[in-house]
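End of the sequence shown sits at 610 in this note's numbering; the numbers just go up one at a time, nothing left out. All residues carry an ideal CB built from backbone N, CA and C; glycine is no exception.
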Amino acid sequence: MTPMTIRRMAYAAGFAASALSTVAFSSVAIAQAEAPPSRQANAGAKDVSSTAEASPIAESYPNAAIGDGTTTGGYNQSRWAEDWSKLRDPKKRKDIVDQLKFISIAGDGDVYLTLSGEARLRVNETTNPNLRDAEAQRQDILRLFGGADLHVGKHLRFYGELAHGTLEGQNLGTALPNLRNKLAVQQAFVDLTGTVADVDVGVRYGRQTFADGPNLMVVPRDNNTLFFGFNGFRAWARAAGVRADVFDFKPTAYGNGGTQDDNAESARRFSGISTGIVVPETLFGGSKLYVDPFLWRLRNRAAVWGTDNAREVRNFYGLHVWGDAGPVNLDWTINYQGGRYDDRSIKAWLILLAQTYKLGEGKSAPRVGFHADYASGGGAYGKGTLRNSLAPFGNNIYYSYQLFATPTNLIALAPNVTFTPFGKLRMTAEYQRSWRDTTSDAVYRANGSAFAGTQNFGGKKIADTLRFQAVYPFTSRLSFTGRYEHLIAGPALTNAGYKNSDFLAGWISYRF
């Protein structure tokens with residue numbers, strides 16, 4: 099074990115101890131302030147299929163809100179977040195795939211293995227790629243994942259996941275390693291968990307996905323063929339109504355060959371603490387709401403703004419409020435960003451407000467809503483304060499399926515509707531209008547790069563974007579997704595020579 103590893107272990111242990119003491123103290127205070135209500139099934143806003151009994155201020159923090167993403171029909175984007183222990187009983191296994199979800203190895207099921215996998219075949223068609231007048235691009239994409247989750251008793255666990263990506267088609271340009279990759283170790287980590295003073299605690303070390311924060315700021319990015327992952331420590335402490343999650347990561351830098359060329363980035367380091375507080379159900383008459391304060395730090399030794407490439411240390415001070423209050427679903431984030439870019443100060447804001455209203459009862463009832471977002475901009479091409487906001491590792495298709503927009507120097511307003519026209523078909527339509535916050539700064543893509551030249555031309559409006567999505571789940575394992583987007587470029591783009599674009603995609607996915 100190297101001195102660097104020892105220092106990182108000490109760092110994570112210190113973080114975990116601090117979080118544990120805070121959570122333990124808070125849980126006692128909450129218990130003294132309010133007696134627990136009756137237990138009831140709580141799916142939570144992020145898990146529409148959970149069967150675990152958990153309610154605010156109950157015996158443990160609601161599983162749907164611990165920062166591990168969304169579980170639907172038993173399946174999660176991060177496969178290690180799934181719980182198949184119910185299949186310990188052979189009578190509950192319905193087919194051969196169920197046999198793979200609980201393979202008893204020793205100790206009458208105390209040591210067991212869960213296997214998982216996914217095969218996804220996808221086609222993308224984009225006109226005017228990069229918003230330039232050019233031949234259409236077609237991407238034929240194959241994703242293959244295979245995972246193994248080994249539980250050794252109640253406290254020790256090992257998880258590993260391999261990934262393969264194939265990319266063919268027309269007018270492809272440079273194939274990135276998260277789209278074309280012979281074989282990659284996508285995840286490989288070890289967990290150690292337990293309970294101390296009625297608080298669930300754990301620590302994880304290795305390569306892993308991470309989603310403990312607002313969707314627009316940190317997710318594994320399912321749109322990519324290979325997931326966006328991290329390397330390092332994560333530690334957590336979870337009590338009845340409060341939790342804390344601390345981490346210290348470096349992003350995974352994929353090569354496009356075999357497993358030997360995938361490494362941890364040296365330039366970027368992402369660390370911080372994400373916390374959560376359960377809002378009592380009675381406060382809004384039966385709500386399932388969560389308040390998640392977070393404090394993060396991102397260091398980048400080679401951050402690019404304008405024509406400069408320099409060291410940046412950016413701090414994120416944020417509050418994420420999300421969940422359900424009756425027929426209303428909320429996902430609100432307010433985030434102030436400070437720090438230094440070279441010798442310049444950073445002062446930036448992100449305000450992300452998404453809400454929908456359910457029209458009727460039942461899972462298939464339609465929803466209407468809108469999102470209104472503000473991402474500050476300015477300073478990338480100057481010498482003073484940098485006011486460009488950053489959503490470092492978030493959902494990269496939220497503003498454009500074609501990856502032509504990101505929450506940097508952006509104002510967006512988008513009404514939307516989701517409905518079920520028949521059977522299990524779920525459709526969403528959205529009309530988004532977007533503008534620049536500062537016309538002297540550029541328009542930015544989802545990967546953070548600027549549309550070259552846009553900073554030199556006037557024009558506030560970026561684009562009007564019409565988007566449609568259709569999802570049909572044949573079974574809980576097999577599904578089809580179709581997407582269409584029409585982007586009408588506004589003066590902020592057309593003044594610099596950029597064009598309209600259409601995007602059409604479809605894929606079929608099987609996972610077990």
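_Under the three-state DSSP convention, the category residue 314 falls into_ = Position 216 of the sequence shown, counted from the start, is the residue given in the question as residue 314. Residue state, collapsed to three classes: coil.
*Which class does residue 633 belong to by DSSP, given the choice of helix, strand or coil?*
The question about residue 633 has no answer here: the residues shown for the chain are numbered 99 through 610.
*residue 175 (DSSP reduced to helix, strand or coil)*: In the sequence shown, the residue the question calls residue 175 occupies position 77. Coil, per DSSP.
*With DSSP as the reference, please indicate the residues paired to residue 209 in a beta bridge.*
Within the sequence shown, the letter at position 111 stands for residue 209. Note: residue 209 sits in a beta bridge opposite 204 and 250.
*Per DSSP, which residues does residue 559 bridge with? Please list them.*
What you label residue 559 is simply residue 461 of the sequence shown in a count that begins at 1. DSSP output for residue 559 lists 533 as bridge partner(s).
*Count the other CB atoms, across all protein chains shown, that sit within 10 Å of the CB of residue 205; report buried if there are 16 or more and exposed otherwise.*
Locating residue 205 in the sequence shown gives position 107, counting from the first residue. Here residue 205 is exposed. Its C-beta has fewer than 16 other C-beta atoms within 10 Å.
*Would you say residue 274 and residue 354 are within 9 Å of each other, going by their C-beta atoms?*
In the sequence shown, the residue the question calls residue 274 occupies position 176. In the sequence shown, the residue the question calls residue 354 occupies position 256. Contact flag set, yes.
*asked:* Residues in the same chain with beta-carbon distance under 8 Å from residue 348, minus the five sequence neighbours each way, listed in chain order, please.
replied: For the purposes of this step, residue 348 is taken as residue 250 along the sequence shown, with counting starting at 1. So the qualifying residues of the chain are 328, 329, 330, 362, 363, 364, 366, 367 and 368.
*Is it buried or exposed for residue 358, if we count other Cβ within 10 angstroms and need 16 for buried?*
For the purposes of this step, residue 358 is identified with residue 260 of the sequence shown, where counting begins at 1. Classification for residue 358: exposed.
*Endpoints, alpha helix (DSSP H) assigned at residue 378*: On the sequence shown, position 280 is the one that residue 378 refers to. Per DSSP, residue 378 belongs to no alpha helix (DSSP H) and is neither H nor E.
*Member of 235, 593, 598 and 159 whose CA lies at the smallest distance from the CA of residue 340*: Numbered from 1 along the sequence shown, position 242 holds the residue referred to as residue 340. That would be 159, whose Cα lies nearest to the Cα of residue 340.
*Does DSSP put residue 195 in a helix, in a strand, or in coil?*
Against the sequence shown, residue 195 aligns to sequence position 97. The answer is helix: DSSP assigns residue 195 an H, G or I state.
*In the DSSP assignment, what are the bridge partners of residue 235?*
If you number the sequence shown from 1, residue 235 lands on position 137. In the DSSP output, where bridge partners are listed per residue, residue 235 has 224.
*Quick one: what does DSSP say residue 184 is sitting in, helix, strand or coil?*
Here the question's residue 184 lines up with position 86 in the sequence shown. In the structure shown, residue 184 sits in a helix (DSSP, three-state: H, G or I).
_On the DSSP bridge list, what partners appear for residue 429?_
As a working note, residue 429 is residue 331 in the sequence shown. Residue 429 pairs with 420 and 452.
*Tell me which same chain residues have a C-beta within less than 8 Å of the C-beta of residue 424, skipping the five on either side of it?*
Residue 424 sits at position 326 when you count from the first residue of the sequence shown. Hits under 8 Å: 382, 383, 384 and 385.
*Between residue 534 and residue 507, is the Cβ-Cβ spacing less than 9 Å?*
Here residue 534 is taken as the residue at index 436 of the sequence shown, counted from 1. Here residue 507 is taken as the residue at index 409 of the sequence shown, counted from 1. A contact, by the Cβ cut-off of 9 Å.
*Would you report the Cα separation of residue 286 and residue 394, rounded to the nearest angstrom?*
For the purposes of this step, residue 286 is taken as residue 188 along the sequence shown, with counting starting at 1. For the purposes of this step, residue 394 is taken as residue 296 along the sequence shown, with counting starting at 1. Their Cα atoms are separated by approximately 24 Å.
*Three or more C-beta pairs closer than 8 Å, one from the segment 571 to 579 and one from the segment 546 to 557: is that the case here?*
With a cut-off of 8 Å, the segment 546 to 557 and the segment 571 to 579 do not count as touching, because too few Cβ pairs lie within range.
*Thinking C-beta only, is residue 538 closer than 9 Å to residue 482?*
As a position in the sequence shown, residue 482 is number 384, starting the count at 1. As a position in the sequence shown, residue 538 is number 440, starting the count at 1. Going by beta carbons, residue 482 and residue 538 fall outside the 9 Å limit.
*Compute the distance between the beta-carbons of residue 465 and residue 517, then report whether it is under 9 Å.*
In the sequence shown, residue 465 corresponds to position 367, counting from 1. In the sequence shown, residue 517 corresponds to position 419, counting from 1. Against a cut-off of 9 Å, the Cβ pair of residue 517 and residue 465 comes out as a contact.
*Rounded C-beta distance between residue 528 and residue 545? I'm assuming under 8 Å.*
Here the question's residue 528 lines up with position 430 in the sequence shown. Here the question's residue 545 lines up with position 447 in the sequence shown. Between residue 528 and residue 545, the beta carbon gap of about 22 Å keeps them out of contact (Cβ cut-off 8 Å).
*asked:* I need the straight-line Cα distance from residue 416 to residue 268, nearest angstrom please.
replied: What you label residue 416 is simply residue 318 of the sequence shown in a count that begins at 1. What you label residue 268 is simply residue 170 of the sequence shown in a count that begins at 1. Pairing residue 416 with residue 268, the inter-Cα distance amounts to about 42 Å.
*Based on Cα-Cα distance, which residue from 241, 501, 543 and 405 lies nearest to residue 607?*
By 1-based counting over the sequence shown, the position of residue 607 is 509. Residue 607 has its Cα closest to that of 241, out of 241, 501, 543 and 405.
*DSSP-derived helix/strand/coil call for residue 571*: Looking up residue 571 in the sequence shown gives position 473. If DSSP states are grouped into helix, strand and coil, residue 571 belongs with the strands.
*Can you give the Cα-Cα distance for residue 488 and residue 505, rounded to whole angstroms?*
For the purposes of this step, residue 488 is taken as the residue at position 390 of the sequence shown. For the purposes of this step, residue 505 is taken as the residue at position 407 of the sequence shown. Spanning the two alpha carbons is a distance of roughly 7 Å.
*By DSSP, does residue 142 sit in helix, in strand, or in coil?*
Residue mapping note: residue 142 aligns to position 44 of the sequence shown, counting from 1. With a pLDDT of 33 at residue 142, under the threshold of 50, the modelled position of this residue cannot be trusted; read the value that follows with caution. In the structure shown, residue 142 sits in coil (DSSP, three-state: anything other than H, G, I, E or B).
_Buried or exposed by the 16-neighbour rule on C-beta atoms within 10 Å, applied to residue 590_ = Along the sequence shown, one-based indexing puts residue 590 at 492. Buried is the call here.
*What three-state label does DSSP hand residue 359 in the structure shown?*
Looking up residue 359 in the sequence shown gives position 261. If DSSP states are grouped into helix, strand and coil, residue 359 belongs with the helices.
*alpha helix (DSSP H) containing residue 591: first to last residue?*
The count along the sequence shown starts at 1 and reaches residue 591 at position 493. Element bounds for residue 591: 589 to 592.
*Check each candidate in 399, 498, 496 and 531 and name the one with the smallest Cα separation from residue 510.*
Against the sequence shown, residue 510 aligns to sequence position 412. Ranking 399, 498, 496 and 531 by Cα distance to residue 510 puts 531 first.
*Grouping DSSP H, G and I as helix and E and B as strand, with all else coil, what is residue 324?*
As a first step, residue 324 must be located in the sequence shown, where it is residue number 226. Coil at residue 324, not helix or strand.
*So, is residue 485 buried or exposed, given that buried needs 16 or more other C-beta atoms within 10 angstroms?*
By one-based count along the sequence shown, residue 485 stands at place 387. So residue 485 ends up on the buried side.
*Could you tell me whether the segment 591 to 604 touches the segment 192 to 209, using the rule of 3 or more Cβ pairs below 8 Å?*
no
*Bridge partners - residue 306, DSSP secondary structure assignment*: If you number the sequence shown from 1, residue 306 lands on position 208. According to DSSP, residue 306 bridges with 328.
_To the nearest angstrom, how far is the alpha carbon of residue 566 from that of residue 452?_
Here residue 566 corresponds to residue number 468 of the sequence shown, with the count starting at 1. Here residue 452 corresponds to residue number 354 of the sequence shown, with the count starting at 1. If I take the Cα positions, the gap works out to 18 Å.
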